[in-house]
Amino acid sequence: MDDDGMVSMLMAKKTSDTGDSTSMTWIPILDTVGLRKSREDSFWPVTIQNGKLVCVPLKGVDFPNPARRPLTTSLALRMPLARTGTGKSFGLEEVSARANLALDHKNFLND
Numbered sequence: 017m018d019d020d021g022m023v024s025m026l027m028a029k030k031t032s033d034t035g036d037s038t039s040m041t042w043i044p045i046l047d048t049v050g051l052r053k054s055r056e057d058s059f060w061p062v063t064i065q066n067g068k069l070v071c072v073p074l075k076g077v078d079f080p081n082p083a084r085r086p087l088t089t090s091l092a093l094r095m096p097l098a099r100t101g102t103g104k105s106f107g108l109e110e111v112s113a114r115a116n117l118a119l120d121h122k123n124f125l126n127d
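Here the sequence shown is numbered in the numbering used here, starting from 17 and rising by one per residue.
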């Protein structure tokens with residue numbers, strides 16, 4: 017997660033048909049800015065499981081208190097896409113983008 021609250025995933029992709037060249041790129045998978053309740057709120061990422069970001073919500077501090085066991089919450093991953101439509105069309109655009117990323121990743125692993 018960067019300082020702006022954007023969670024990104026590193027993706028690898030073959031850049032040639034022979035498979036001898038690979039490119040790496042960071043793909044944004046969740047923008048946490050819209051999930052904050054106030055300007056001082058932030059999230060401390062722990063892990064990503066089952067399509068959700070497991071994190072510790074922070075209120076006005078930069079780090080969780082190490083003296084106490086922090087309470088975690090799960091945030092569903094939603095790719096930050098430009099909103100050109102509403103309802104089903106926007107949901108389908110995200111599904112399509114996620115499916116293309118998954119297919120690229122599968123192709124990379126299988127080659």
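Ideal Cβ placement from N, Cα and C applies to all residues, glycine included.
- Item | Phe-59, buried or exposed, once every other Cβ within 10 Å from all chains shown has been counted against 16 | buried
- Per DSSP, the bridge partner or partners of Pro-73: Phe-59
- Task: Starting from Leu-91, trace the beta strand (DSSP E) both ways and give me its first and last residue.
- Result: 89-92
- Would DSSP call Ala-28 helix, strand or coil? The answer is strand: DSSP assigns Ala-28 an E or B state.
- Query: Under a Cβ-count criterion, where at least 16 other Cβ atoms within 10 Å of its own Cβ denotes burial, should Leu-119 be classed as buried or exposed?
  - Reply: exposed
- Same chain only: Cβ atoms within 6 Å of Thr-48, ignoring 5 sequence neighbours per side: Gly-21 and Phe-59
- Using 10 angstroms around the beta-carbon of Leu-46, count the other beta-carbons present and answer buried if the total reaches 16, otherwise exposed. buried
- Message: So, at 6 Å on beta carbons, what are the nonlocal neighbours of Val-72 in its own chain, with the 5 sequence-adjacent residues on each side left out?
- Response: Trp-60, Pro-80, Pro-86 and Thr-88
- Message: At the level of alpha carbons, what is the spacing between Ala-95 and Pro-82?
- Response: Residue 95 is actually Met in this sequence, not Ala. Distance between the alpha carbons of Met-95 and Pro-82: 31 Å.
- Do you know offhand how far Lys-68's Cα is from Gly-107's? 17 Å
- What residue from Met-25, Gly-76 and Arg-52 has the CA that sits closest to Thr-63's CA? Met-25
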